[in-house]
Each structure stands twice: as structure tokens, then as C-alpha cells.
Amino acid sequence: GELAVGVLLSIAQGLLSTVARPLLLRAIIILIQNPDGLSDSEVNHQGAALAAGISICILVEGLLQAHVKQLLSIKLGSRFLGWTMALIHRKSLAVSEDALSKSGLVENSIIGNDLVRIYEDWRWMCLLPFIVTALIGGIVILGVTLKLSSLVGMAVMASIV
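Sequential numbering from 1 applies to the sequence shown in our numbering.
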């Protein structure tokens, strides 16, 4: 349910930021450089429409990011944290005190340190669908717009990493 919706919204956010926005910017640049015999009024109308498209794209992108963080990081992360804390607490009650003292494990240290670190890391991992989509979309758009020249740019970027 919420996981699938969060992943789909994250993918949509990645497509907006790396596919839709660059294509709209490219259309504006082409319109400014080569108006193709359009009247000034037509150029202004098309430019305004493209600028409105970019504005809407950025607005929707921000809304999607807020929803993705709410769904994946806060809701699902908190559920995971609550579920695992209860599980560890229940399991620790089933272990005898003698076995617990021999092992040296403390339930509080697991809950206090490890689970909170996992929850903090999940806040960044919830961006993974966006990052993968943005990477793929960025490479495709780079190839479409720059054609063969994009290979040089990608080779330079790959050599830096």
C-alpha cells in the first residue's frame, strides 16, 4: 500500500526533475534562439506557457518530495522502529536472566543505539527510488539532447567517481 505509493511518487519526482524540467528548459532555449518566423506575440505566449510549465513542474516536484518523505521516511520508518522495538523487548523477556548475564547483551543498548541508527539511515534510503530514477532519466536525457557528445561527458563523470 503506502510503500508502493511512496515508491511511485518518488519515481515521478525523479522523472520530473531529470526529464521534464530539462526538456522544458531546452524548449525555452530553442524558442529564444530560433523563433522560426513566429511573431513576437506568439513567442511571448509560448515562452509564458513554457515558463508556467517549469513553475508547475517545480511545484509538483516539491509536493512529491514532501509526500515521499512523509510516506516512506516518517510513516513507514516509525512503524518499522515501533515494530522492531516491541519485538526486541518481547524476545528479551523470553531470555533467562542467567543467559542474558552470560552473553552481556543489553536490550536497551540495542534499542537505543542500533535501531535509532537504522531509522536515521532509512531517512536517506527512502530517497533511493528517486535517485535511481533521476540517474537513469538524466543519462537518457543527456544522450537525447547531446547525442554522441554525451558519451564524453559521461566518461569524464565516471572517471571522477
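Each residue gets a CB set at the ideal place from its N, CA and C atoms; glycine is no exception.
Note that the structure is predicted; figures quoted are calculated from it, not measured.
CB of residue i within 8 Å of CB of residue j, strictly
i	j	result
R123	G77	yes
G14	F130	yes
A12	L64	yes
L127	M85	no
L135	V68	no
Y119	L93	no
For residue j and residue i, the rounded distance between their alpha carbons
i	j	result
A52	G153	30 Å
P35	A158	37 Å
M125	V132	11 Å
G138	E42	31 Å
S39	V156	42 Å
G47	W83	52 Å
G166	R79	It is not possible to answer for residue 166, since the shown part of the chain is limited to 1 through 161.
D121	R90	24 Å
L148	N113	50 Å
E97	K75	35 Å
E61	V161	27 Å
Pick from the options that is closest to residue i, judged by C-alpha positions
i	options	result
H45	I136, I160 and L31	L31
S146	S39, R26 and E97	The identity of residue 146 in the sequence shown is Leu, whereas the question assumes Ser. Considering only alpha carbons, the answer is R26.
S73	T133, L3 and V144	L3
L16	S149, L151, I141 and I160	I141
L71	A49, G1 and S150	G1
A49	R90, V156 and I28	I28
Extent of the continuous alpha helix (DSSP H) to which residue i belongs
i	result
C57	D40 to V68
K91	G77 to A94
L151	S149 to I160
G37	Run containing G37: none; DSSP gives neither H nor E here.
S10	E2 to L15
V132	L128 to L146
I118	V116 to M125
Inset, instruction - Check whether the region 51–67 touches the region 4–21, taking contact to mean three or more Cβ pairs, one atom from each stretch, closer than 8 Å. - result: As far as the Cβ criterion goes, the region 51–67 touches the region 4–21, which means the pair count is three or higher.
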